[in-house]
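Taking it in order: structure first as structure tokens, then the write-up.
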Amino acid sequence: MRMETKRSIFSVVLSGCAVLFSTTGFAGVQEFTDVTAAMGISGQTGLGHSVAWCDIDNDGDIDVAFSNQGGDGFWLYRNDVTQFTNITASAGLAGNGASRVLWGEVTGDDYTDLILDTGSSQKLYQNTDGTTFTNITSGSGLTGSPVSMADFNNDGKLDILTLTSSGCSILQNSGTGTFTAQFAGTGSWWVAACIDYDLDGDQDIYLGTYGDDPNTLLRNDGASFTDVTAAAGVTFNSGTGGITVGDYNNDGYLDLYLGNYSAPACRLFKNNGDGTFTNVTAAAGVTGHTDTRTSGFVDYNNDGWLDIFSSHHDFYTYSNIMYRNNADGTFTDVGASIGLSGEWIGDYFGTAWGDYNLDGDIDLFAVGHIDKYVLYRNDQSETMPANYVVLELEGTTSNRNAIGALVTADLGSLTLTRAVRGGEGYHDYHSLPIEFGLYDSPSIQTLTINWPSGLVETYTDIPANQYIYAVEGDGLSGIEGGAGEAGSILALECSPNPCTDLLTISCSGAAGTTGELTILDLSGRIIGNAGEVTLNSETQTITWDGNSCNTPSGIYICRLSTPEEVTQRMFTLLR
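With the first letter of the sequence shown counted as 1, position 504 gets the number 511 in our numbering; the numbers rise by one all the way through.
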């Protein structure tokens, strides 16, 4: 029944056509409109603090939760696309406050649950049916200040990253909403973001401090975390507010933008793809302002290049910034011209990006100290239309929310890389669906989903201007125009993983079908061939010798392909 609900939303293609125009044409048009009152959001008190998008009822549109700074105000609004409705009381959430709001499916019942942090206490609410929430904090093991969600040990269950005055811990999820703390590192951190910076398939952590202590990059080594800050070149000895993760230069690697809290400039660290980063702040023109509270990579104009939004607490000196990506490694501030910066606009402590009205461009909900609680509708689709595809993921072997999934969209002339994130920075929780801006491309030629479980699925020829829904191992729904199907019949497993020499490949498929097994690196280059196999419904095994090719340690892909289908698995080769 749930899939039928999703299909009813995502089978609709919003009409549009490919358009040709210069990226410079995006500037100078007011594209964001304050629609807070018009959409039924009103009556909030206090200073805005935290905001988070989430589809709580699995109806295909994103709902929103937000809070005030005093810790005595929390609101949940259900989205009906044309109007929002305050359901805080009816959902069983009245009387709450929160300095941070997180969403994640942690109880195994298919509905995304709610985590609230007041600073002095934490609460876990189970989403029981999409309309009501039950407090299950007692006995859950929830402790510390929750800042982000991810499956850190890749067991298919969503964990919680928490901070205390002495360091950070991973609350490992049992799968039923109870947690066991694993200490990850010592430090005085207050903000964080998860980033698979080395593309090894697990979530690493970048942590920012409140004062002038150094920030830290912790590499996830499976059973423990290693401080690689200096070796990776991301040292920043200054207070950090917003932290955001994204591939701003479309080279396939996730970069970092740090909003400063006490230093005179922010930092843009470009991921070099070899485990190191380069500080390109000055060259890119994104120094920002002091006392930055939120930062976010977002493709606000759907041109395929991630822009950078930031807000600042020193409001009377510095307003908001929207750095438009010029597609050449540099950025231009267009905040004022598009309606996101100006007098009595800003001082946001929490920002969340998501397409609430399903029109294909990404909107903004901002909460702060000046205009407090604001929903900005992005009118880009009306003023300067560009093509898009919005993709929502559902994990089966992976965590239900698919947080940590890495998705690439090959447009032919450009390849976009996006990650599903479970909260980042100061008080920011962006929507989970991935919004691909395609500019003038009429389709995604190849869409590749790298699931947290290690499964890699590839789809081809996906027409622009539609919402689609991908279930891990079960293909896409909502596709118009005959997009390629992933292997719902083919089955493929690789073991041991990691392997040092011999890889056992187990596969099955339609009887009599001939399949070819190839080994590829992450760029798609074939490095080995495990041969042909005649498939049947019974699982059969083939052994591939990793010593047969002269390749270093790293992540590789085993691909099983037939004339009709393709399925893939990632594995780690250790030398």
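The beta-carbon is built from N, C-alpha and C at its ideal position, and this holds for glycine as well. On a predicted model such as this, the values are computed, not experimentally measured, just so you know.
Review point. Which residues bound the alpha helix (DSSP H) around glutamate 389?
Key: Residue mapping note: residue 389 aligns to position 382 of the sequence shown, counting from 1. Residues 387 to 390.
Practice item. Kindly provide the ranges of any alpha helix (DSSP H) runs that are 4 or more residues long and lie completely inside the stretch 443 to 473, ordered along the chain. Key: none
Check your understanding: Helix, strand or coil for threonine 144 per DSSP?
Key -> For the purposes of this step, residue 144 is taken as residue 137 along the sequence shown, with counting starting at 1. Threonine 144: coil per DSSP, three-state reduction.
Point to revise | threonine 590 - DSSP class collapsed to helix/strand/coil | key: Shown here, the chain extends from 8 to 582; a query on residue 590 therefore has no answer.
Check your understanding: According to DSSP, what are the bridge partners of lysine 277?
Key -> Reading the sequence shown from its first residue, position 270 is the one you call residue 277. Lysine 277 is bridged to Thr285.
Point to revise | Straight-line gap, glycine 489 to isoleucine 451 (C-alpha atoms, nearest Å) | key: Residue numbering aside, residue 489 sits at position 482 when the sequence shown is read from its first letter. Residue numbering aside, residue 451 sits at position 444 when the sequence shown is read from its first letter. Low per-residue confidence applies at glycine 489: pLDDT is 38, beneath 50, and the placement is therefore not dependable, though the value from the model is reported in the following sentence. Near 12 Å, if we compare the C-alpha coordinates of isoleucine 451 and glycine 489.
Practice item. Using a threshold of 8 Å, state whether the C-beta atoms of methionine 46 and leucine 365 are closer than that. Key: The count along the sequence shown starts at 1 and reaches residue 46 at position 39. The count along the sequence shown starts at 1 and reaches residue 365 at position 358. Not closer than 8 Å, so no.
Practice item. Buried or exposed for leucine 149, please, with buried defined as at least 16 other CB atoms from any protein chain shown within 10 angstroms of its CB. Key: Residue numbering aside, residue 149 sits at position 142 when the sequence shown is read from its first letter. Result: buried.
Exercise for review: Provide the residue span of the beta strand (DSSP E) that contains alanine 191, from first to last.
Suggested key: If you number the sequence shown from 1, residue 191 lands on position 184. 186 to 193 is the span of the beta strand (DSSP E), which, as asked, contains alanine 191.
Practice item. Assign asparagine 557 to one of two classes, buried (16 or more other C-beta atoms within 10 Å of its C-beta) or exposed (fewer than that). Key: Within the sequence shown, the letter at position 550 stands for residue 557. Asparagine 557 is exposed by the Cβ-count criterion.
Check your understanding: Comparing the CB of glycine 115 with every heavy atom of the ligand HEM, is any distance shorter than 7 Å?
Key -> As far as ligands go, the structure on display features none, and thus does not contain the ligand HEM.
Check your understanding: In the stretch 356 to 404, which residue ranges form an unbroken alpha helix (DSSP H) of at least 4 residues, counting only runs that do not cross its ends?
Key -> 387 to 390
Point to revise | Where threonine 236 falls: helix, strand or coil (DSSP) | key: Counted from its first residue, the sequence shown places residue 236 at position 229. It is helical.
Exercise for review: Could you tell me which residues DSSP puts in a beta bridge with glutamine 575?
Suggested key: The residue given as residue 575 occupies position 568 in the sequence shown. Beta-bridge pairing links glutamine 575 to Val463 and Arg566.
Check your understanding: What are the boundary residues of the beta strand (DSSP E) that methionine 156 is part of?
Key -> In the sequence shown, the residue the question calls residue 156 occupies position 149. 152 to 157 is the extent of the beta strand (DSSP E) around methionine 156.
Review point. Which stretch, first to last residue, makes up the beta strand (DSSP E) that contains threonine 558?
Key: Stepping through the sequence shown from its first residue, residue 558 is reached at position 551. Where threonine 558 is concerned, there is no enclosing beta strand (DSSP E), given that its DSSP letter is neither H nor E.
Practice item. Confirm, please, whether the CB-CB distance from glutamate 523 to serine 568 is below 8 Å. Key: Here residue 568 corresponds to residue number 561 of the sequence shown, with the count starting at 1. Here residue 523 corresponds to residue number 516 of the sequence shown, with the count starting at 1. Yes, these two residues count as a Cβ contact at 8 Å.
Exercise for review: Give me whichever residues DSSP pairs with tryptophan 551 in a beta bridge.
Suggested key: For the purposes of this step, residue 551 is taken as the residue at position 544 of the sequence shown. Leu510.
Check your understanding: Below 8 Å, can you find three or more Cβ-Cβ pairs linking the stretch 156 to 164 to the stretch 206 to 219?
Key -> yes
Practice item. Classify glycine 538 as helix, strand or coil using the three-state DSSP reduction. Key: Residue mapping note: residue 538 aligns to position 531 of the sequence shown, counting from 1. Correct three-state label for glycine 538: strand.
Point to revise | Where serine 29 falls, given that 16 or more other Cβ within 10 Å makes a residue buried | key: Along the sequence shown, one-based indexing puts residue 29 at 22. Because the pLDDT at serine 29 is just 37, under 50, the model does not fix this residue reliably, and the point stays unresolved.
Check your understanding: For glycine 353, which residues of its own chain have a beta-carbon under 6 Å away from its beta-carbon, when the five flanking residues on both sides are left out?
Key -> The residue you call residue 353 lines up with position 346 of the sequence shown. Around glycine 353: Ser318, Phe322, Ser326, Asn327 and Ile377.
Review point. CB glutamate 431 to CB alanine 200, shorter than 8 Å?
Key: Working through the sequence shown from its first residue, we reach residue 431 at position 424. Working through the sequence shown from its first residue, we reach residue 200 at position 193. Yes; because the gap between Cβ atoms is below 8 Å, this pair is in contact.
Review point. Taking just the CA atoms, how far does serine 74 sit from glycine 80?
Key: Reading the sequence shown from its first residue, position 73 is the one you call residue 80. Reading the sequence shown from its first residue, position 67 is the one you call residue 74. Rounded to whole angstroms, glycine 80 to serine 74 spans 5 Å at the Cα level.
Practice item. Tell me, please, whether the CB atom of histidine 434 is closer than 8 Å to any CB atom in chain D? Key: Of the protein chains in the structure, only one exists, and it is not chain D.
Practice item. Return the chain-ordered list of same chain residues with a C-beta closer than 7 Å to the C-beta of isoleucine 177, the five sequence neighbours on each side being excluded. Key: Here residue 177 is taken as the residue at index 170 of the sequence shown, counted from 1. Around isoleucine 177: Phe159, Asp166, Leu168, Gln189 and Ala191.
Point to revise | Cβ neighbours of glycine 32 in the same chain (closer than 6 Å, five flanking residues each side left out) | key: Residue 32 sits at position 25 when you count from the first residue of the sequence shown. Residue confidence for glycine 32 is low, a pLDDT of 44 falling below 50, so the modelled location carries little weight and cannot support an answer.
Review point. Roughly how many angstroms separate the alpha carbons of glutamate 570 and aspartate 124, rounded to a whole number?
Key: For the purposes of this step, residue 570 is taken as the residue at position 563 of the sequence shown. For the purposes of this step, residue 124 is taken as the residue at position 117 of the sequence shown. Before going further, note that residue 570 is proline rather than glutamate in the sequence given. Approximately 52 Å, taken between the alpha carbons.
Check your understanding: By the 10 Å Cβ neighbour count, where 16 or more other Cβ atoms means buried, how is alanine 359 classified, buried or exposed?
Key -> As a first step, residue 359 is located in the sequence shown; it is residue number 352 there, counting from the start. Answer is buried; the Cβ neighbour count reaches 16.
Practice item. Pick helix, strand or coil for aspartate 528, following the three-state DSSP scheme. Key: Taking the sequence shown and counting its residues from 1, the one referred to as residue 528 is at position 521. Looking at aspartate 528 - three-state DSSP - the assignment turns out to be strand.
Practice item. Go to threonine 223, then tell me how far its beta strand (DSSP E) extends in each direction, as first and last residue. Key: Here residue 223 refers to the residue found at position 216 of the sequence shown. Start and end: 223 to 227.
Check your understanding: Taking the runs of the beta strand (DSSP E) that are 3 residues or longer, which of them lie wholly in the stretch 42 to 110?
Key -> 55 to 61, 70 to 75, 81 to 86 and 91 to 93
Check your understanding: Which one of Ser460, Glu539 and Val540 has the shortest CA to CA distance from asparagine 504?
Key -> Locating residue 504 in the sequence shown gives position 497, where the first residue counts as 1. Per the Cα distances, Ser460.
Practice item. For the beta strand (DSSP E) holding glutamate 500, just list the boundary residues, first then last. Key: As a working mapping, residue 500 is identified with position 493 in the sequence shown. Where glutamate 500 is concerned, the enclosing beta strand (DSSP E) stretches over 498 to 502.
Check your understanding: Taking the C-alpha atoms as reference points, what is the distance between tyrosine 380 and aspartate 66?
Key -> The sequence position of residue 380 within the sequence shown is 373, counting from 1. The sequence position of residue 66 within the sequence shown is 59, counting from 1. Computed Cα separation, rounded: 24 Å.
Exercise for review: Helix, strand or coil for leucine 165, going by three-state DSSP, please let me know.
Suggested key: Stepping through the sequence shown from its first residue, residue 165 is reached at position 158. DSSP places leucine 165 in coil when its eight states are reduced to three.
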